[in-house]
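As you go down the protein sequences, you meet chains A and B in turn.
Heads up: the first sequence is residues 136 to 351, going by my numbering.
Heads up: the second sequence is residues 82 to 91, going by my numbering.
One structure is given here, and the rest of the page talks about it.
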Amino acid sequence: NIFRILADLSHLASIVILLETIRKARQIDGISLKTQILYVLVFCTRYLDLLTFRWTSLYNTLMKFFFIGTSVYVVKLMQDCKLTNPVSYKDMMFRDTFQIKYLLGPCALLALVFNYKFTVLELCWSFSIWLESVAILPQLFMLSRSGKASTLTTHYIFALGLYRALYIPNWIWRYYSENRLEKLSIFTGLLQTALYSDFFYIYYRKVMKGRGFELP
Amino acid sequence: TTTPLEHDEL
Numbered sequence: 136n137i138f139r140i141l142a143d144l145s146h147l148a149s150i151v152i153l154l155e156t157i158r159k160a161r162q163i164d165g166i167s168l169k170t171q172i173l174y175v176l177v178f179c180t181r182y183l184d185l186l187t188f189r190w191t192s193l194y195n196t197l198m199k200f201f202f203i204g205t206s207v208y209v210v211k212l213m214q215d216c217k218l219t220n221p222v223s224y225k226d227m228m229f230r231d232t233f234q235i236k237y238l239l240g241p242c243a244l245l246a247l248v249f250n251y252k253f254t255v256l257e258l259c260w261s262f263s264i265w266l267e268s269v270a271i272l273p274q275l276f277m278l279s280r281s282g283k284a285s286t287l288t289t290h291y292i293f294a295l296g297l298y299r300a301l302y303i304p305n306w307i308w309r310y311y312s313e314n315r316l317e318k319l320s321i322f323t324g325l326l327q328t329a330l331y332s333d334f335f336y337i338y339y340r341k342v343m344k345g346r347g348f349e350l351p
Numbered sequence: 082t083t084t085p086l087e088h089d090e091l
């Protein structure tokens, strides 16, 4: 359906924007390495079903490889910055201070409690869905500490947030058309979108009206 | 309603 396609396109766009930002500017100011590492973990644990070869569709499989590949590539590009632009790297590390153990622990626990089946694959999937919902927190934390961000970084965060937000009408659509109700995805998707809501509001008020992103 | 085990979303 249209919402699902727009959501996935928005997800793709967010990654393209991020890669372009890092490659063009040759700096990683304002981008959280911790969030990017969390995304590697999210995609690697979610797409373990690639190993079972029970592939849903070519589209699905290609996208999964794309998301795993690009997330690893982003982390590598950011690590490279240590040598190519040590000032920018140090500055980023200095600001990227969110403690991710407070996300990993609860997500692992939630995965053990809320899952569809107590198998390794399903537990990893549930863990990834919980972790994705909070993976942006180090990035948002960094943003709120520095108070401003480059326009490209805010476009990246916006596109990434829009992706999960667009999944919500997709789930409503699928409930009526397929009688499908995927409770875990829906709950974590709502949680994820809620975490973005403050950012969305400032993005709308400032960036979309041509002013820079600056926190009040 | 059904809760399918196939994860066909990304």
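Backbone N, C-alpha and C define an ideal beta-carbon position, used for all residues, glycine too.
Query: Take the Cβ of A:Tyr336 as the centre, count every other Cβ of all protein chains shown within 10 Å, and call the residue buried at 16 or more, exposed below.; Result: exposed
Query: So what does DSSP say about A:Arg280, is it helix, strand or coil?; Result: helix
Query: Report yes or no: is there a C-beta of chain B within less than 9 Å of the C-beta of A:His146?; Result: yes
Query: Can you give me the C-alpha to C-alpha distance between A:Val210 and A:Cys179, rounded to a whole angstrom?; Result: 14 Å
Query: Mind pulling the chain B residues with CB within less than 8 Å of A:Trp265?; Result: Result: empty, since nearest Cβ-Cβ is about 14 Å, beyond 8 Å.
Query: So, under 8 Å CB-CB, A:Thr84 and A:Thr288 are touching, yes? Tell me the CB distance rounded to an integer number of Å.; Result: Because chain A is modelled from 136 through 351, residue 84 of chain A falls outside the range shown and cannot be assessed.
Query: List the residues of chain B whose Cβ lies closer than 8 Å to the Cβ of A:Ser320, in chain order.; Result: Glu90
Query: Shorter than 9 Å from the beta carbon of A:Glu317 to some beta carbon of chain B?; Result: yes
Query: Helix, strand or coil, according to DSSP, for A:Arg346 in the structure here?; Result: coil
Query: Is it the case that the region 306 to 313 of chain A contacts the region 278 to 287 of chain A, given that we only count it when at least three CB pairs across the two stretches are under 8 Å?; Result: no
Query: Could you have a look at A:Arg315 and say whether DSSP puts it in helix, strand or coil?; Result: strand
Query: Please name the residue in A:Leu197, A:Leu244, A:Arg309 whose C-alpha comes closest to that of A:Lys236.; Result: A:Leu244
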